[in-house]
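Structure first, then comments.
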Amino acid sequence: LPAIRSIQPSRGTPLGEYIKIGADRLLEERKTQFGYGTYRLLIVTDGEANDRDLVEAHTPEVLSRGLRVDVIGVAMKQDHTLATQVHTYRRANDSSTLKQAIAEVFAEVGSQQGNLADEDAFDILKPLPVEFASTAIASLSNSGNEPIGSAPTPYRTPESQTIQSNTPTKSGSESNYIPIVFVGFVVLLVVVKALIKK
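Using this note's numbering, you'd call the opening residue of the sequence shown number 1 and step up by one each time.
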């Protein structure tokens, strides 16, 4: 709240610059939480960006990192250009609609805190080999937390955490695709099962 209260109005809307700052802080926090949680960037703006090139460069990258982006356009004659690029867009033409729009965003956050997958999802994961599960969890929790505009750091299993397996492994590039396909299949099963339960 102190940061919000310290905002001083001025001419111009350096939106692209602040999208990067906000997203980088969320990614930094997500990294400290080992990738757990849902992270949202709420943009409240009263005008189009002066640095449109930065908005156009940063917005797709923020979305590709798995951050949810919500925008509230305040007292704008037409929808903001971000309206079609983000997860949700709301208009606010006065203080009461601004409060309502913010409350709706926070209500969405509260409703997403529930358990999306039930206990059956864990039954699907039980047959995974320990070494595969450990590597998958480690790589998924480290992906995409670099600052916006920087290249991702490749994941490497630390030697102290490498789990030795007695089972032979395939050599060649074909074996590299098996874990990715398997993880995708498991995620698909969990999502389908969760949708069927609704």
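Just so you know, even glycine gets a beta-carbon here, dropped at the ideal spot from N, CA and C.
A quick note: this is a predicted structure, and the numbers were derived from the prediction, not measured.
Discussion item. Assess contact between the segment 84-101 and the segment 14-32, defined as three or more Cβ pairs (one per stretch) separated by less than 8 Å. Is contact present?
Written reply: no
Fill in: Rounded separation between G12 and K99 - CA only
23 Å
Item to complete: Apply the 10 Å Cβ neighbour rule to D70 and answer buried if 16 or more other Cβ atoms are within range, or exposed otherwise.
Response: buried
Discussion item. Just to confirm my understanding: we take V62, look at its own chain, exclude 5 residues before and 5 after, and list those with CB closer than 7 Å. What are they?
Written reply: I19, A23, L41, V69, I148
Item to complete: State the beta-bridge partners of A92 as determined by DSSP.
Response: According to DSSP, A92 bridges with V74.
Discussion item. Can you tell me whether T32 is buried or exposed? The criterion is at least 16 other CB atoms within 10 Å of its CB, across all chains shown.
Written reply: exposed
Discussion item. Taking 6 Å as the limit between beta carbons, can you name the residues of its chain near N145, skipping five residues before and five after?
Written reply: L27, R30, K31
Practice prompt. Please go through the same chain and pick out, in chain order, the residues whose beta-carbon is closer than 8 Å to the beta-carbon of N50, but skip the five residues on each side of it.
Written response: Excluding its 5 nearest sequence neighbours in each direction, N50 has C-beta neighbours in its own chain below 8 Å: G12, T13, P14, L15, listed in chain order.
Worksheet entry | Where L27 sits in the DSSP three-state scheme | Reduced to three states, the DSSP call for L27 is helix.
Fill in: C-beta atoms of V44 and I72 nearer than 8 Å
For V44 and I72, yes; Cβs fall inside 8 Å.
Item to complete: Find the nearest neighbour of E108 within the set P127, T88, K126, judged by alpha-carbon distance.
Response: T88
Discussion item. Just to confirm my understanding: we take R5, look at its own chain, exclude 5 residues before and 5 after, and list those with CB closer than 6 Å. What are they?
Written reply: Same-chain partners within the cutoff: there are none.
Discussion item. Is it buried or exposed, Q164, if we count other Cβ atoms within 10 angstroms and call 16 or more buried?
Written reply: With a pLDDT of only 46 at Q164, under 50, the local geometry of the prediction cannot be trusted, and the value read off the model is given with reservation. Exposed, since its Cβ has fewer than 16 Cβ neighbours within 10 Å.
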